[in-house]
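Since the structure comes first, as structure tokens, the remarks are kept for the end.
2 protein chains.
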Amino acid sequence: MSRWQPNARGRLEQAALELFAERGFEQTTAAQIAERAGLTERTFFRHYADKREVLFGQAHLLEQAFVDTLTGVPESAAPIDALASTLETIAEQHFGHHERARQRQAVIMANAELRERELIKLASLSAALATALRRRGVPDPAASLTAEAGITVFKVGFGRWIGDSGERPLAYFLREALDGLKAVTAGM
Amino acid sequence: MSRWQPNARGRLEQAALELFAERGFEQTTAAQIAERAGLTERTFFRHYADKREVLFGQAHLLEQAFVDTLTGVPESAAPIDALASTLETIAEQHFGHHERARQRQAVIMANAELRERELIKLASLSAALATALRRRGVPDPAASLTAEAGITVFKVGFGRWIGDSGERPLAYFLREALDGLKAVTAGM
DNA sequence: ACAGTCGATGGCAGTTACTGACATCGACTG
DNA sequence: CAGTCGATGTCAGTAACTGCCATCGACTGT
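So the sequences go chain by chain: A and B. Counting in UniProt numbering, the first sequence runs without a single skipped number right up to 188 at its last residue. Counting in UniProt numbering, the second sequence runs without a single skipped number right up to 188 at its last residue.
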């Protein structure tokens, strides 16, 4: 018999998402999250560096998946095509549940601090993608630009997917955004 | 004779920049900034919503300049060209002093919370540019994509300008980044 | 079986970011 | 000259986070 209930992080993240959705991020204290998870405030801050971070506990997994997928694309592909392929793969493997993503995004968009945190996670993702591209032999500034373009496609496509009914998959909107970006940068 | 010294905000921003550079953002308390500016902590928080914001007091002016400049570009120009022209104008009018920009950026890059704040300022700028583009008749998602592409060009170009010796102007690196983005999205 | 170690947690005190309520007092206005 | 206004000061309070030490089931080696 274990001394504590298992999956403390999972309980904290679930409790936090519920409370943020119910009463808002600012109106929720770390102690309340911990209490709902059957833990104490002190333990909350052992698992998460700050209150915002509890909503982004999986971010490093997503970043790793992006990097691994991009690294697995044949080097013969042009950088932008490798990134397009990566986005499609990630969309299928990590963003199947529309309603869940919508709720979570609604919580984030409702609070400026959470939006800031999301932006820096995307910036970290961009940096990781740029590093992976450089490993493929892409020089700077092309590597940074390609990575940032990929994040732009992801942001815009994801936003439209969230705003949509949920019928069409994320990959559809990512394709739309990529085609749109190509058209726009070509001067159309 | 006035009851208080003039330009409280200017004094606070100057004091904050000095202290952040000397001892770092985290090691500086709001009370210390206020004291160096000849004010109290409470007054600091009347001028700035939080400690980070004191470094971004001019951000809304920059955003306004971006929007005004973009709005002034003839509608005959393609969106991406209008944005390129806007970036060039802003570079000349707001980023002449390389060393000053470098120091300020060093302070920001040294702290994660300040980086977050900068990212959300850029996101706000992107949203404002997208709105201005929509007023020019650009539909979505092209407006959002063009605005995001412009921010990408600015971020990458600005970063290279900061890392450079200061001989070449910001406009040079913005041009380089825009050309690079066009090449990259074209599949090269 | 027993001693020692380990790791996740609890408890508690302390600092700092930020907020609300109220007071102050020179400048301006009629 | 009375009244108002606006930028500031004072003070008390909440909540985010941190450091330090204690707890105690599980595991490990003998």
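We put the beta carbon where it would ideally sit given N, CA and C, even for glycine.
Original post:
With contact counted as at least three CB pairs below 8 angstroms, one residue from each stretch, are the stretch 157-177 of chain A and the stretch 57-74 of chain A in contact?
Top reply: no
Original post:
F56 (chain B) and L12 (chain B) look like a contact to me (Cβ under 8 angstroms); what is the Cβ gap, rounded to whole Å?
Top reply: About 12 angstroms; that fails the 8 angstroms criterion.
**OP:** For the alpha helix (DSSP H) containing A142 (chain B), list its first residue and its last residue.
**Re:** 142-163
Original post:
Could you check where the alpha helix (DSSP H) with M109 (chain A) kicks off and where it finishes?
Top reply: 98-109
Original post:
M188 (chain B) versus chain A: which residues are under 9 angstroms apart at the beta carbon?
Top reply: A78, P79, I80, A142
Subject >> Neighbourhood of H98 (chain A) by C-beta distance below 6 angstroms, restricted to the same chain and skipping five residues each side >> reply: G166
Original post:
For the alpha helix (DSSP H) that contains G38 (chain A), what are its first and last residues?
Top reply: Neither: G38 (chain A) is in no alpha helix (DSSP H) and is coded neither H nor E.
Subject >> Same chain only: Cβ atoms within 6 angstroms of V156 (chain A), ignoring 5 sequence neighbours per side >> reply: A177
Subject >> Pick from B:P6, B:A34, B:Q5, B:R9 that is closest to A19 (chain B), judged by C-alpha positions >> reply: The residue asked about is misnamed: residue 19 (chain B) is Leu in this sequence, not Ala. Closest by alpha carbon: B:A34.
Subject >> Residue span of the alpha helix (DSSP H) that contains Y172 (chain A), given as start and end >> reply: 170-185
Original post:
In chain order, what residues of the same chain lie with their CB nearer than 8 angstroms to the CB of E26 (chain A), ignoring the 5 residues before and after it?
Top reply: N111
Original post:
Which residues, taken in chain order from the stretch 118-131 of chain B, show a beta carbon closer than 9 angstroms to some beta carbon of chain A?
Top reply: L119, I120, L122, A123
**OP:** Can you tell me which of the three DSSP states M64 (chain B) falls into?
**Re:** Rather than Met, the amino acid found at residue 64 (chain B) in this sequence is Gln. Q64 (chain B) falls in the helix class under three-state DSSP.
Original post:
Quick one: Cα of R36 (chain A) to Cα of A15 (chain A), how far?
Top reply: 6 angstroms
Original post:
Along chain B, which residues have their Cβ under 8 angstroms away from the Cβ of T152 (chain A)?
Top reply: L145, E148, A149, T152
Subject >> Listed by chain order, chain B residues near A177 (chain A) by CB distance under 9 angstroms >> reply: P141, S144, L145
**OP:** Measure from the alpha carbon of P6 (chain B) to the alpha carbon of each residue in B:G38, B:R52, B:S85, B:A30, then state which is nearest.
**Re:** B:G38
Original post:
Which residues bound the alpha helix (DSSP H) around A132 (chain B)?
Top reply: 112-135
Original post:
In three-state terms, what does DSSP make of residue 192 (chain B)?
Top reply: Nothing can be reported for residue 192 (chain B): it is not among the residues displayed for chain B, which extend from 1 to 188.
Original post:
Which first and last residues belong to the alpha helix (DSSP H) in which D50 (chain B) is found?
Top reply: Careful: D50 (chain B) lies outside any alpha helix (DSSP H) and carries neither H nor E.
**OP:** Grab the span of the alpha helix (DSSP H) containing T86 (chain B) for me, first residue to last.
**Re:** 79-94
Subject >> Cβ of T89 (chain A) within 8 angstroms of any chain B Cβ >> reply: no
Original post:
Is the shortest distance between the beta-carbon of G72 (chain B) and the beta-carbons of chain A less than 8 angstroms?
Top reply: no
Original post:
Since A127 (chain B) contacts A143 (chain B) with CB under 8 angstroms, what's their CB separation in whole angstroms?
Top reply: Actually they do not touch by this definition, with Cβ atoms about 10 angstroms apart.
Original post:
Which residues, in order along the stretch 153-165 of chain A, keep a beta-carbon less than 9 angstroms from a beta-carbon of chain B?
Top reply: V153, K155, V156, G157, G159, R160
Original post:
Does the beta-carbon distance from G150 (chain A) to L61 (chain A) come in below 8 angstroms?
Top reply: no
Original post:
From D50 (chain B) to G187 (chain A), what does the alpha carbon distance come to, in whole angstroms?
Top reply: 41 angstroms
**OP:** Would you kindly work out how many angstroms separate the C-alpha atoms of R102 (chain B) and I162 (chain B), rounded to a whole number?
**Re:** 6 angstroms
**OP:** For L55 (chain B), verify whether its CB is less than 7 angstroms away from any heavy atom of the ligand MG.
**Re:** The model on display carries no ligand, and the ligand MG is accordingly not part of it.
Original post:
For D68 (chain B), which of B:A78, B:L87, B:E53, B:L17 has the nearest alpha-carbon?
Top reply: B:L87
**OP:** Could you list which residues in chain B have their beta carbon closer than 9 angstroms to that of K182 (chain A), in chain order?
**Re:** T185, A186, G187
Original post:
Does any residue of chain B bring its CB to less than 8 angstroms from the CB of residue 190 (chain A)?
Top reply: Past the boundaries of the shown model lies residue 190 (chain A); chain A is included only from 1 to 188, so the question cannot be answered.
**OP:** Work out the CA separation of T29 (chain A) and E113 (chain A) for me, nearest whole Å.
**Re:** 14 angstroms
Original post:
Mind listing which residues of the UniProt domain "HTH tetR-type" (6-66) of chain B have their C-beta closer than 9 angstroms to chain A's C-betas, in chain order?
Top reply: none
Subject >> Closest Cα partner of E63 (chain B) within the set B:G180, B:R160, B:G137, B:E118 >> reply: B:E118
**OP:** Closer than 9 angstroms by beta-carbon distance: list the chain B residues that pair up with A112 (chain A), in chain order.
**Re:** I120
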